[in-house]
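Each remark here refers to the structure printed beneath this line.
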Amino acid sequence: MNTIAALTRSRPEVAEEAIQDLSDLFRASLGQSHEFTSLDEELKLARRYLHIEALRLGERLEVEWQVDAVPPEVRVPPLILQPLLENAIYHGIEPLPEGGTIRVNGDVEDGQVVIEIINPVTDGTTHRNHVGNRIARENIHQRLELAFGRKAGLETEERDGYHRVTIRFPEERVA
Amino acid sequence: MKVLVVDDEAPARERLRSLVDEFEDCSVCGEAANGQQALAAAGQHQPDVLLLDIRMPGMDGLEAARHLQLLDNPPAVIFTTAYSDYAIAAFETHAVDYLLKPVRRERLAEALKNARRLTRAQIASVQATDNNGNERSSICARVRGGLQLVPVADIRYFHADQKYVTVGTPGIRVLVEETLKSLEDEFGDRFLRIHRNALVATAFLAGIDRDPGGHYRVSLQGIEERFEVSRRHLADVRRRIKSLQG
């Protein structure tokens, strides 16, 4: 919001874009009644969210996407990726004065969609155990299990200065 | 009134700058994106007031505020934050001014009008409500009217001599007006007491030997000096060295 307030003065047309992105995010989070959305929609929403963060963080935030291997019409519960990306920014990118790169990789392995989000971590941060971070993770894990049963999962790993969260779920098309 | 704007986010600095510039008696004399830059800019521009973001990468606003108090004529500090979890009630009771982002023009005007210097007690109370930054990342020394920062990670020893404590790294020797006791309390997990007059960095402990007079002394990586170990701390020091080698 502070970023948008700043942009309203200096670059009104960019502020307008940011408000549109934010509206989409609000709509998605307020109207989470749909059980499933397509991965394509979910990725669009993730990009909108990252667009807002990029305005705030400037050159400190870089994102690399490698998600072409996953069919866009695969179904997922809505707002699965955004909270994980928010964690990656809050705990990974923001504490670094020079910023860093978030990687989003998607693949299909044996009928399972696998999506990884990787971010750098600083020595001092206790990324894994941070309360807000854990709550977001558990929430997503639960929603994946609710939607797909035991065929879905979420794992995290931290080593060599990187934090990685991996989600898996069956490759099913939107009806 | 000269204002220094400190925030890690460029749009936030930009907005504060344009708000401040609207006030007739105020002008922005500089900007900084983190605590280290803020201290350097404060030395260079001699601001009357800092608008200081709390959560920043590297050195945060609370630590920068602590270091600024060492200046002979410290600027007033107004904290800005987007997070209400910095115990706003505590700020209020101690009359430290803080502004929630996005900062409102009326609140900024009021804060600038009342801009006041922080006292040590206020900083301590703010520090107590901040759950991340209890330990400083750097020690700050007054050097010829300015401030010199010494990263704690580089420090090999603190050595007390009467009123002052010498802080030593491979390239720097500076005096600070702090007590060994308070340094030990703050950095107790990184520094080991070896004598009534010295703390040494456990990570850099190199070895222990006896001088011709029969006194035990430790050596530290990266520096020549050796430091006497008192009888009282000898067993503890030996144990630490052994565990590092093992």
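Chains B and E are the protein sequences, given in the same order. Residue 0 is where the first sequence starts when you use numbering that gives the first Met the number 0, and the numbers rise one by one after that. Residue 0 is where the second sequence starts when you use numbering that gives the first Met the number 0, and the numbers rise one by one after that. Cβ coordinates follow ideal geometry from the N, Cα and C atoms, glycine included. These figures come from a predicted structure and were not determined experimentally.
**OP:** Within its chain, find whatever has a CB closer than 7 Å to the CB of E:VAL142; leave out the 5 residues flanking it on each side and keep chain order.
**Re:** As a position in the second sequence, residue 142 of chain E is number 143, starting the count at 1. Within the same chain, and ignoring the five residues on either side of E:VAL142 in sequence, the residues whose Cβ sits closer than 7 Å to its Cβ are VAL173.
Original post:
Can you list, in chain order, the residues of the stretch 2-26 of chain E whose Cβ is nearer than 7 Å to any Cβ on chain B?
Top reply: GLU8, ALA9, PRO10, ALA11, GLU13, ARG14 and SER17
Subject >> Simplified DSSP state of B:PRO11, which is helix, strand or coil >> reply: The residue you call residue 11 of chain B lines up with position 12 of the first sequence. Under the three-state reduction of DSSP output, B:PRO11 falls in the helix class.
Subject >> DSSP bridge partner residues for E:LYS162 (one or two, in chain order) >> reply: By 1-based counting over the second sequence, the position of residue 162 of chain E is 163. The partner list for E:LYS162 (beta bridge, DSSP) is empty, contrary to what the question assumes.
**OP:** Tell me whether B:LEU29 is buried or exposed, calling it buried when 16 or more other Cβ atoms sit within 10 Å of its Cβ.
**Re:** Sequence index remark: in the first sequence, residue 29 of chain B carries index 30 (1-based). Label assigned to B:LEU29: exposed.
Original post:
Residue range of the alpha helix (DSSP H) that B:GLY131 falls in?
Top reply: As a position in the first sequence, residue 131 of chain B is number 132, starting the count at 1. Under the DSSP assignment, B:GLY131 falls in the alpha helix (DSSP H) whose first and last residues are 130-147.
**OP:** Determine the chain B residues that contact E:ALA326 at a beta-carbon separation under 7 Å, and present them in chain order.
**Re:** Outside the shown range of chain E, which is 0 to 245, sits residue 326 of chain E, and nothing can be said about it.
Original post:
Over what stretch of residues does the beta strand (DSSP E) that includes E:PRO46 continue unbroken?
Top reply: Here residue 46 of chain E corresponds to residue number 47 of the second sequence, with the count starting at 1. Premise fails: E:PRO46 is in no beta strand (DSSP E) and is neither H nor E.
Original post:
By a C-beta neighbour count over all protein chains shown, 10 Å radius and 16 as the cutoff for buried, is E:SER26 buried or exposed?
Top reply: On the second sequence, position 27 is the one that residue 26 of chain E refers to. Per the 10 Å Cβ criterion, exposed.
Original post:
How many angstroms separate the CA atom of B:GLY110 from the CA atom of B:GLU72?
Top reply: Locating residue 110 of chain B in the first sequence gives position 111, where the first residue counts as 1. Locating residue 72 of chain B in the first sequence gives position 73, where the first residue counts as 1. Distance from the CA of B:GLY110 to the CA of B:GLU72, rounded to the nearest whole angstrom, comes to 14 Å.
**OP:** Examine chain E for any beta-carbon lying closer than 8 Å to the beta-carbon of B:PRO82, and answer yes or no.
**Re:** Translated into positions along the first sequence, residue 82 of chain B becomes position 83. No, its Cβ sits nowhere closer than 8 Å to a Cβ of chain E.
Subject >> Candidates E:PRO211, E:SER17 and E:GLY206, of which the one nearest E:SER218 by Cα >> reply: By 1-based counting over the second sequence, the position of residue 218 of chain E is 219. Taking only the C-alpha atoms, the option nearest E:SER218 is E:GLY206.
Original post:
Which bits of chain B does E:ASN247 rub up against, with CB to CB less than 8 Å?
Top reply: Summary: the structure shown does not reach residue 247 of chain E, with chain E confined to residues 0 through 245, and so no result is reported for it.
**OP:** Identify every run of the beta strand (DSSP E) within the stretch 130-215 of chain E, keeping only runs that are complete inside it and at least 3 residues long; order them along the chain.
**Re:** 137-142, 145-150, 156-160, 163-167, 172-175, 190-194, 197-200 and 204-209
Subject >> Minimum Cβ-Cβ distance from E:LYS100 to chain B less than 8 Å >> reply: Here residue 100 of chain E refers to the residue found at position 101 of the second sequence. Chain B contact via Cβ: present.
**OP:** Could you check the C-alpha separation between B:ASN1 and B:GLN141 for me, to the nearest Å?
**Re:** In the first sequence, the residue the question calls residue 1 of chain B occupies position 2. In the first sequence, the residue the question calls residue 141 of chain B occupies position 142. B:ASN1 and B:GLN141: Cα-Cα distance of roughly 32 Å.
**OP:** Have a look at B:GLY152 and B:VAL69 and give me their C-alpha separation to the nearest angstrom.
**Re:** As a first step, residue 152 of chain B is located in the first sequence; it is residue number 153 there, counting from the start. As a first step, residue 69 of chain B is located in the first sequence; it is residue number 70 there, counting from the start. Computed Cα separation, rounded: 17 Å.
Original post:
Is the shortest distance between the beta-carbon of E:PRO56 and the beta-carbons of chain B less than 8 Å?
Top reply: Counting from 1 along the second sequence, the entry for residue 56 of chain E is found at position 57. Yes, contact with chain B.
Subject >> Inter-residue Cα distance where the pair is E:ASN130 and E:PRO211 >> reply: Walking along the second sequence from the start, residue 130 of chain E turns up at place 131. Walking along the second sequence from the start, residue 211 of chain E turns up at place 212. Caution is warranted here: a pLDDT of 44 is assigned to E:ASN130, below 50, making its placement in the model unreliable, and the coordinate value is therefore given only provisionally. Distance between the alpha carbons of E:ASN130 and E:PRO211 is about 49 Å.
Original post:
Which residues in the same chain as E:ALA88 place their Cβ atom closer than 7 Å to its Cβ, once the five residues preceding and following it in sequence are excluded?
Top reply: If you number the second sequence from 1, residue 88 of chain E lands on position 89. Residue placement at E:ALA88 is poorly supported in this model, since its pLDDT is 45, which falls under 50; the coordinates still yield a value, given next. Non-local beta-carbon contacts of E:ALA88 in its own chain, meaning distances under 7 Å to residues more than five positions away in sequence, are absent.
Subject >> Pairwise C-alpha distance: E:ARG216 and E:THR168 >> reply: For the purposes of this step, residue 168 of chain E is identified with residue 169 of the second sequence, where counting begins at 1. For the purposes of this step, residue 216 of chain E is identified with residue 217 of the second sequence, where counting begins at 1. Roughly 18 Å between the two C-alpha positions.
**OP:** Using three-state DSSP, classify B:VAL120 as helix, strand or coil.
**Re:** Numbered from 1 along the first sequence, position 121 holds the residue referred to as residue 120 of chain B. If DSSP states are grouped into helix, strand and coil, B:VAL120 belongs with coil.
Subject >> Residue nearest to E:LEU3 in terms of C-alpha spacing, selected from E:GLN220, E:ASP47 and E:ILE171 >> reply: Taking the second sequence and counting its residues from 1, the one referred to as residue 3 of chain E is at position 4. If we check each option's Cα against that of E:LEU3, E:ASP47 comes out closest.
Original post:
Where DSSP assigns a beta bridge to B:ASN104, which residues make up the other side?
Top reply: One-based indexing of the first sequence puts residue 104 of chain B at position 105. DSSP output for B:ASN104 lists B:GLN65 and B:GLU115 as bridge partner(s).
**OP:** Kindly indicate the opening and closing residues of the beta strand (DSSP E) around B:GLY152.
**Re:** What you label residue 152 of chain B is simply residue 153 of the first sequence in a count that begins at 1. From DSSP, the beta strand (DSSP E) with B:GLY152 extends over 152-158.
Original post:
Between which two residues does the alpha helix (DSSP H) carrying E:GLY60 extend?
Top reply: Your numbering for residue 60 of chain E matches position 61 in the second sequence. Taken as a continuous stretch (DSSP letters only), the alpha helix (DSSP H) holding E:GLY60 covers 60-67.
Original post:
Who does E:ILE77 pair with in a DSSP beta bridge?
Top reply: Position 78 of the second sequence, counting from 1, holds the residue named residue 77 of chain E. For E:ILE77, DSSP records a beta bridge to E:LEU50.
Subject >> Assumed close pair E:ALA108, E:PHE22 - CB separation to whole angstroms, cut-off 8 Å >> reply: Stepping through the second sequence from its first residue, residue 108 of chain E is reached at position 109. Stepping through the second sequence from its first residue, residue 22 of chain E is reached at position 23. About 6 Å separates the two Cβ atoms, so the contact holds.
Original post:
Between which two residues does the beta strand (DSSP E) containing E:LYS1 stretch?
Top reply: Here the question's residue 1 of chain E lines up with position 2 in the second sequence. Counting along the chain, the beta strand (DSSP E) containing E:LYS1 begins and ends at 1-5.
**OP:** Pick helix, strand or coil for B:SER22, following the three-state DSSP scheme.
**Re:** Position 23 of the first sequence, counted from the start, is the residue given in the question as residue 22 of chain B. Note: B:SER22 maps to helix in three-state DSSP.
**OP:** With 8 Å as the threshold, decide whether the Cβ of B:GLY93 is near any Cβ in chain E.
**Re:** As a first step, residue 93 of chain B is located in the first sequence; it is residue number 94 there, counting from the start. The sequence shown places Glu at residue 93 of chain B, rather than the Gly named in the question. At least one chain E Cβ lies under 8 Å of B:GLU93.
**OP:** Figure out for me which residue from B:LEU24, B:GLY99, B:ILE18 and B:ASP39 has the closest Cα to the Cα of B:LEU56.
**Re:** The residue you call residue 56 of chain B lines up with position 57 of the first sequence. Ranking B:LEU24, B:GLY99, B:ILE18 and B:ASP39 by Cα distance to B:LEU56 puts B:GLY99 first.
Original post:
Considering only the beta carbon of each residue, do B:LEU84 and B:ALA45 sit closer than 8 Å?
Top reply: Along the first sequence, read from residue 1 onward, the residue named residue 84 of chain B stands at position 85. Along the first sequence, read from residue 1 onward, the residue named residue 45 of chain B stands at position 46. Against a cut-off of 8 Å, the Cβ pair of B:ALA45 and B:LEU84 comes out as a contact.
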